[in-house]
Structures are given as structure tokens and as C-alpha cells.
Amino acid sequence: MSRTTGQAVDSRSPRISLLDIYRLCCPDDQVLCSIRDQQIDKILRLAPYTIVVQMLCGGVVLAALADSVNPFALLLWFALAGVFCAVRMARVWRLRQDPDYQDEAPASFLSATLTVFCLSLFWLVPPLIWFDQASASAQLLMAVVAAVLVSAGSLTVLAVPPAALAFASVSLAGTFIISFKLDNMPMAVLTAIYGVAVFFAITASARQSIAHARSRIELEEQGEIVSLLREFEASGSGGLWEADANLRLTMISEELAQQIGNSAQSLIGIPLKKMLDPDNRVSELSSGMRTLFDHLRTGQPFRDIAVPAVANDRWWSLSGRPTRDEDGQITGWRGVGSDITEVRLRGIDAVREARRDPLTGIANRLFIREQLEELLLDTYDEDERGALLLVDLDRFKLVNDTLGHAIGDRLLCEVANRLDRATGEDGVVGRLGGDEFAVIWRGSADRDTLSGIAQRLVEEVSRTVHVGGAALNVGATVGIAIGGRDGTLEGALMRAADLALYHAKKGGRGDYAFFEPRLLEAAEHNRLLENDVREALATNKMTLAYQPIVDARTKHTVCREALLRWDHHIRGAISPERFIPIIEDAGLIHQIGSWVIREACSEAMRWQDGAAVAVNISAAQLSGEGLEQTVIDALARTGLDPERLELEVTETIFIGDESETLDSLERLRALGVKLVLDDFGKGYSSLGYLSRAHFSKIKIDRSFVRGAAEGQRDCLAILRAILALADGLEVITTAEGVESEREAALLSSLGVEQMQGFYFGRPEAIEADLIPERRLAQRQDA
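Going by this note's numbering, the first residue of the sequence shown is number 95, and it counts up by one from there.
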């Protein structure tokens, strides 16, 4: 395809006329423009050598005329010649570097050719002027030099045909004049014959050079077109399109134009965006359209971008790449397009496979996004436009880990079939990846209907699945977002459904939840808070406070618990219950946890009373060997006795892989540190943990302490049972949340060994910590 006409190229070698050689000055197509630029580069490269040849020949002429002509005049002439050529070539070089070179290219080409023409005059003029004053031997020498220059000079610039013709013409003219002055007709005849031969040699070379350049450029264009067609040949329909730098159509194939519903000629000059989106509505709703014009704006090639064309209610797949000039500036776009409305999940293999999940055979993420956009476009004027339901499997990881991925894959296929049957004709089921599925619901979008659909999906997935000889039981959690009400864009609706799914998981698996605006507000608040957390960690804005743990009999401090504190410069003091989950979700718990252990060990080494230090450890920190190495490094760096370091964990760490958790705890205990079970009895109690994990201490939850002090018989009975159990296992007991003397006296009488609470001291920086005995004495005196 020609760059200028848009017509198919002829594979045969084009015929080049002699006029093309001189049309290079002001070419009318891109082929000649490219050849002209190449020849200017050759002139610039050959210029130094050409000038040297001319100066050498001039030196020979100077020597021949030295006896009969003023040498100073000859030297001045050739010096002027050299300076003139150098200046002219420098100007051509500067023009070549100019960003606006294309506007100056004809002048640059003419200037370069004129310079070569002048070179041929510089050596020729002096001998013609002073020929009669020279001796016979000098005249013969000048004739020989002229003949040499016709050959050597022409061959030097043969790669630039216009310059070579100009040079040869002047050289031959000079040789003729010298021949007549010598009255040597044979020499004149030979010169004429030789000149004709040189002329035809130059023109033949020029024609061949232009023909080869044109063929090469056209082959490159054909290669680009073939590449584009191969990218989209599987679609079976469609065609080529071209646009200029302003994204106006300059060419569109008749096949593609007919599918759009117009003739190719009527579409020429129309902006690409107006052709696809005449009402300027799809560009806002379609992520595909936004992606397409982002690529067009930034000059990035694109492939298989699916966009909805509202003008004819069709879906199109577009591929394209920019065309650029030698300076890298975009001169236009060239690509292919095809109607994929009917073949996205059936029909042409390549289009179908690109939108089908390879494992389950249902729609994949790409097709779900397209279907979601189509749903929102079709119901643009309605308040509620269908719905999106995200379905996440519960306990699927356990199946993969215990039975292998092959069984897990078969389970996913069965789940996909069940979801497809449960939704019927009003829904499109797709797999987003992993164990997460999506349902595009096109039926009624009232909450009762959607609640029924969600409940049916949960029930279908929760039924036992038999794979081979294994009976598999998984559950499902569903998040629901209603089109229009919860989002008018595909991305916004997907985010809303995802937030609803996350909320449903927090409320308990095997349930469903609708999106509510407060969920987005909470998510945005958490996002901003996460940014503040990262900044606080980077700038060391978080600190440690220490709360004393005292001996129940002596009231001496035996340990201090390190507690993370954050005083925000705007929000004020933020509770750890608020920012610790964010730290865990953001994957920063290992970083901050390591810092807490190192800082607490370093601080404990400065305590004169030799009290131990307790540090809270989350379940996330127990995974891997990072925590073990952190403890080893902290103890080695500070020199703290391992028995003075207590690591507190809650019973929630045993939810999940119990064996891996117990292995991690055992490796820590082997280091010599003490393990403490915090919040014992709060809700996940298992007596087996106490023996298998070899805890040194258990901390009784404050709810039992408060209940026992208020005389609640069940709390008092549980408290006594815990103390009896700990005594039998020889485990130290610590009561949390002690806030009054009455509670302290009761716990001491029951046999609690250690106590912690506001009665003995609040968490504070160690420099401001009062000795617990003195604090207690002050309260008693008051």
C-alpha cells in the first residue's frame, strides 16, 4: 500500500524516468523524500574527501602555472574555494540537525548539489584563464588533470546522481575548451565519447538507486500490512484502516466500511472517535474505549482492544500501530479492525479462545468486563441496570493443599457448571481467576430477587462434590453490586462488588452482602490511613509504650509488655486495634514486628530491675523463618538473656495450619525465649495447645477477671478451672485488666501469680514510668 494513495503496491520494479533524478529537489511522494534525505547524508559524508581531491588537483594546476602566473593569486583563489565549500557544507549539516528539517530539505539538497557544482569550477577556472600563458608542457599537464577529474570526481559523487551529473558536465565542458585551445581534435572527440559514456553510467546508476530504494520502502510497507493482517486473520471479517496524526480516517477498506454501514469514501476525513462514538457517551462508560484512546494519545501500539460501537450496536476489535518519520514523530496510524459481536464466545477460534477460560470453558475476565460494559450501555437510562455478583470459594485452598491441583481443577469445573445452571438464561457466568467467579445478571435487580440468586449460588456450591473417590465440601461467599445505583462504569461496579464480597467474608463465610456506600467510605478511609501508616513507619513516628506486669504477692514489677503506639499529627492518638490490622493487610507486619522486637530488647537491657519484656506476635509473623532470625539477631545485638524475652501469641494463630504453627513455636522456644498464650479462654480455647506448644505462661482474659469480681458464678468457676489447669501444667498465670484493689485482692486469694492492668500502671514511655510499688503506696496514702 502506498503511503500517499492508500492503493495496493505493484510488486514489479517501477519504471524510473530521468526526471525523477531532478524531482528529488521537490519530491511529491515519500519514496523520493527518503531517497533525497539519504543522498544529502552521502554528500555530507563525501564532502571532505571531494574537497581534498579538488585541492590536490588544484595543487597540480598551481604547480603547472607557477612559472607564468602570480603564485599569490593562485593561492588566494584556492583558499577562497576551500573556505566557500567548507561554509556551504557546514550550513547543510546544520539544516540536517534542525527539528524542522523537512521544511528546509529542498533548500538543503539544492545547497549541497550547488556546492559540488562549484567545486568543479574552482579547479577549472584558473587554467582556462591562464591557459595561454602556460608552457606547452604545462598545458598538456592541465589537459591530463582535466581528464582525471572527469573520472575521479564523477566516481567520488556517483552515489548522488544530481551532483555527479553537475560535476561531470562542468568537467567535460572544461576538457572540451582545453582540447580546442590545444587544437587537439582527437582529444575533443574522445572527450565527447567519454562524456556520453559517463552521462549514461550516472543516469543508469541513478535509476537503479531510486528503483531499489522505492522497492525496499514498498516491501517494508507490504511487510507491515502482512503483519497487521496476520494479527487479525483469525477474525474472518474486517479490514484495514488508516488515520493521520490528528486521528482522522485517511483510508478504510470497503469490507470494513460495509460492516459499519457506510461506504469507504463517505468515512474519509471523519475523526476515529466520532465514527465509534458519535454521541460521546461510550468513551466515558467503556474501559476499552478509554484504553484505545490512551494508546492513540501516547503513541503506543495496541492489539485486540474490544470497544463497543454505539453507532450500530456492535462490538469491534481494533489493532494498530503508529507510523513515524525519521525523527520519530507520529505521522499517522495504520491498523486492522473486525466485528466480533457474534464470535466472542462462539465462531472463530482465536476470538473465542481469547474470551474463554481455558480450564472451565466459561467466560474469562476479558469477556466479563465486556459483558458488564454492554449491560451498563444497554440500560444507560435506567436507575438499576442489572447486577454483578462476585462469588469466592471458601476452603478451596485446603483442597489444593491436601489433594493437589489436579483435584482442585476438577472441583473448579464442577463449580462453574453449577453456577451456570443456577443463573439460567438471565446470567453470564465467568471465572476471574483462581477460585473467584463472577455472574453478570441481566434480570430484575431488586434486592429480593438478587438475594434469592445469591442464596441459590451459595447452596449450589456448598453441596458435596464427588471427584473420583473423594467427597469435597467447599462453601461460597457472594458480594452483590447493582448496576447504575452502585456504579455506572465497569471498574466502579467491579470495585463495589469486591467491597461487598470483602464485607460478607468479614461477617462470616457462606453468606452474601450487598454493597453499601459506607463500605466505599470505609475503604477510602483505610486507604488513606494505610498511606499514613507507611509514612509513619518511614519517618519513625511510631513509638513503644510499656505496661508493667507485677508479682501478685510482692507487687514488684517482673515484666513489662511492649505496646505499639501511634500519635498522628492530625488524627491524634490512634488505637492499635485500628492500625494493626491495616499493617497486617498491607504486608508491613514483618517490618514493624522486627523493629518492635529489636527496640524492646534494646530497652530492656537498660532496666535496673532486670524485669522481662513481653512482645506481641501476630499469626502472620509466624509464617516462614523470618521471625526466628529476627529474634536471634535482636538477642545477639543487645546481649539480652533469652529468658527475659517473652513472646505473646493469641489463640487465633491456631486457625489454619496447626502443625506449621506448632513447628514455628517450637523453633522459637528452642532459642530459650518464653512463650505466652494471651487472651486465654476468649473463644478459640483448646486444652491441647497448652501441652503441645509448651507455653510458659497463660494470660487470663479481662472479661473473666471483671465477671469474677462482679460475683458472676460462671466466670468465677472458669477462673478457678483455668488456675487449676495451669497449676497442673506448671504454667504461670497472669490476670489482665486489673483496675481496682478489690479485683487485685480477689485474684491474689484465688492463686493468680501475676497481674496486669491500669491499677498497677498504664502503658507509657519507660522514662516516665513510675515504680509500681511507689504508685501503689501513693494510692494507699491518698
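Even for Gly, the Cβ is constructed at its ideal location relative to N, Cα and C. Computed from a prediction, not measured in an experiment: that's the story for all the values here.
Supposed close pair residue i, residue j - CB separation, criterion 8 Å
i, j, result
"E740", "V707", "7 Å"
"A570", "A594", "Their Cβ separation, rounded to whole angstroms, is 14 Å, which puts A570 and A594 out of contact at 8 Å."
"G431", "S411", "7 Å"
"E655", "I643", "6 Å"
"L483", "L587", "Not confirmed; about 11 Å, so no contact."
"D529", "D486", "7 Å"
"W535", "G498", "Actually they do not touch by this definition, with Cβ atoms about 34 Å apart."
"A802", "L840", "7 Å"
"E742", "V770", "4 Å"
"H788", "R763", "6 Å"
"P670", "L657", "7 Å"
"A591", "G573", "5 Å"
Contact set for residue i: own chain, Cβ-Cβ below 6 Å, skip 5 residues either direction
i, result
"I462", "G524 and A532"
"I812", "F798"
"A358", "I346, E348 and A351"
"C507", "T454"
"E858", "A639"
"I668", "W660 and H662"
"C695", "A728, T732 and L734"
"G502", "V493 and N494"
"L361", "L343, I346 and A351"
Residues of its chain near residue i, where Cβ-Cβ distance is below 7 Å and the 5 sequence neighbours each way are ignored
i, result
"I683", "I677, S712, A714 and Q715"
"T435", "R408 and W409"
"R512", "E554 and V555"
"E693", "L638"
"G585", "S381"
"T385", "I399"
Status (buried if at least 16 other CB within 10 Å, exposed otherwise) for residue i
i, result
"V401", "buried"
"M636", "buried"
"V522", "buried"
"H389", "buried"
"N458", "buried"
"A646", "buried"
"K600", "exposed"
"I726", "exposed"
"Q641", "buried"
"M699", "exposed"
"R856", "exposed"
"F166", "exposed"
"D757", "exposed"
"L622", "exposed"
"H619", "exposed"
"Q394", "exposed"
"Q850", "buried"
Three-state secondary structure assigned by DSSP to residue i
i, result
"E858", "strand"
"A575", "strand"
"S758", "helix"
"D580", "coil"
"H788", "coil"
"H662", "strand"
"Y596", "helix"
"E464", "helix"
"I677", "helix"
"E824", "coil"
"T651", "strand"
"P372", "coil"
"G521", "strand"
"T344", "strand"
"R603", "coil"
Sequence-distant residues of its chain with Cβ nearer than 8 Å to residue i (five each side left out)
i, result
"I826", "S790, K791, I792, A820, E847 and Q848"
"E804", "none"
"R879", "Nothing can be reported for residue 879: it is not among the residues displayed for the chain, which extend from 95 to 876."
Paired residues, beta bridge with residue i - DSSP
i, result
"F608", "I574"
"K768", "E740"
"D433", "W410"
"H560", "A565"
"Y853", "BP columns for Y853 are empty, so no partner."
"K793", "T828"
"R418", "I424"
"M636", "W660"
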